[in-house]
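The structure under discussion appears below in the form of structure tokens.
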Amino acid sequence: MKIAQVGTIWERTPPEFYGGTERIVSNLTDGLVERGHDVTLFATGDSITKAKLEYVVPEAAYRSGISWENFLYPLHHISNVFERANEFDLIHMHLNTRQDYVSLVLAGFVQTPTLFTMHFVLPKENDVKKADRFNLLTKYRKRNFSTISNAQRTLDFLNYVGTVYNGIDMTKFPFIADRGEYLVWLGRICHDKGTKEAIDVAKKSGQKLILAGKVDEHNSEYLTYFEREVKPHIDGNQIQFIGEVDDRSKIELFKKAKVLLNPINWNEPFGLVTVEAMATGVPVIAFNNGPVKEQIIDGVTGFVVKNTDEMGEKIDASETLDRKKIRECTVKKFSVDAMVENYLTMYKSLIQKK
1226 MKIAQVGTIW ERTPPEFYGG TERIVSNLTD GLVERGHDVT LFATGDSITK
1276 AKLEYVVPEA AYRSGISWEN FLYPLHHISN VFERANEFDL IHMHLNTRQD
1326 YVSLVLAGFV QTPTLFTMHF VLPKENDVKK ADRFNLLTKY RKRNFSTISN
1376 AQRTLDFLNY VGTVYNGIDM TKFPFIADRG EYLVWLGRIC HDKGTKEAID
1426 VAKKSGQKLI LAGKVDEHNS EYLTYFEREV KPHIDGNQIQ FIGEVDDRSK
1476 IELFKKAKVL LNPINWNEPF GLVTVEAMAT GVPVIAFNNG PVKEQIIDGV
1526 TGFVVKNTDE MGEKIDASET LDRKKIRECT VKKFSVDAMV ENYLTMYKSL
1576 IQKK
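In the numbering used here, the protein residues as written are 1226 to 1579.
Next comes the structure, spelled out in structure tokens:
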């Protein structure tokens, strides 16, 4: 099968640090190549892949000083794919940013089946800031859309062809049998990810907390949140901040982690860090938002709670969970193999309908 995987120009595939979508695109692309498929990845020039690589920017666009509002670079990137549509049996477009939506239009001018996987929270009809996205999705509702969780499906009128959970490379997240010493929070430093709530839980329970994540200096809202809500609590002792971490550093962090706290304040479409922690056997306690109930088996791989009080109360209980069982459940549902096979089933179905 000849497949075009369309990543982003904004970050390397896979990312060196933060970048869940790029990591998934990388895992999927390499997994397809390993199964003998002819795959071309459209991404940045510094991307690392087993597939053929096509690019219009030599490195992550934001590192080159290209504005997030720039439209011409993404247009060049995406149009390259559809101009070569006849070379592929299927185009897999990974939608994330506003600029990616141009692919919904371009797909109507080619005969090659196109799958649109949405890696974002779907816009609401009354959301003025995202009215342009909502209008385009409404107009092109009959395109082939896939989601990364069932909770993500908030627009009933779209043509959903399936849900495929994000899969991670389990060899990079080995099982850790030892019980931990501290609480861990991982992610982008912002209100949506619940950084401050994790701090509140740690302080109220008297536990040590290590925060690892990205402070996006290009986003004034995120930077202000860090300066006001997070930084004042960092004391280098009970509350520690170690910045952004790569996969190796994550494993070192998980080796002594009691539990991962994930007090998310929004209905995120997936949430990769939950799966990464559980893959090593570390239990996760999370707020019941987004796909949390699809990821965590309550009382088996972690706990689903309503607020910070309940989160603190479940810390001791989480230490009694069977870490081998946590690992087994996660491998079965969220491995790269499972993701690749599920997407291949979807690809074959779309090609047959052509």
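Ideal Cβ placement from N, Cα and C applies to all residues, glycine included.
Can you check DSSP and say which residues form a bridge with residue i?
i	result
K1439	R1413
H1317	Q1230 and L1340
A1482	Y1407
F1528	I1510
L1434	L1408 and I1464
T1388	T1372
I1459	Looking at the DSSP assignment, I1459 forms no beta bridge with any residue, so it has no partner.
I1393	S1560
N1487	A1511
Which value, in whole angstroms, describes the spacing of the CA atoms of residue i and residue j?
i	j	result
M1226	Q1463	53 Å
W1235	W1293	8 Å
H1458	D1425	10 Å
V1440	K1433	21 Å
T1342	A1402	35 Å
V1565	L1257	7 Å
A1502	D1471	14 Å
N1321	H1344	5 Å
F1512	L1546	18 Å
I1540	I1510	8 Å
I1476	T1396	11 Å
V1339	R1366	The sequence shown places Thr at residue 1339, not Val. Between T1339 and R1366, the C-alpha separation is close to 13 Å.
V1529	K1518	7 Å
I1228	D1314	6 Å
Over what stretch of residues does the beta strand (DSSP E) that includes residue i continue unbroken?
i	result
Q1230	K1227 to V1231
F1466	I1464 to F1466
S1371	N1369 to T1372
F1267	D1263 to A1268
E1279	K1277 to Y1280
Secondary structure at residue i, three-state DSSP: helix, strand or coil?
i	result
I1510	strand
L1380	coil
L1300	helix
Y1365	coil
T1449	helix
G1419	coil
I1522	coil
K1539	coil
G1496	coil
I1582	Examination of residue 1582 is not possible in this model, given that the chain is present from 1226 through 1579 alone.
I1249	helix
N1360	helix
I1401	coil
E1312	helix
Is the closest heavy atom of the ligand SAH to the C-beta of residue i under 7 Å?
i	result
L1486	The ligand content of the structure shown is nil, which means the ligand SAH is not present either.
Under DSSP, the alpha helix (DSSP H) around residue i begins and ends at which residues?
i	result
L1569	V1561 to Q1577
V1327	V1327 to L1331
S1289	No alpha helix (DSSP H) contains S1289, which DSSP labels as neither H nor E.
G1515	Here G1515 belongs to no alpha helix (DSSP H), and DSSP marks it neither H nor E.
Just to check my reading of the structure: residue i and residue j have Cβ atoms closer than 8 Å, yes? What is that Cβ distance to the nearest angstrom?
i	j	result
G1245	L1497	4 Å
V1455	T1420	5 Å
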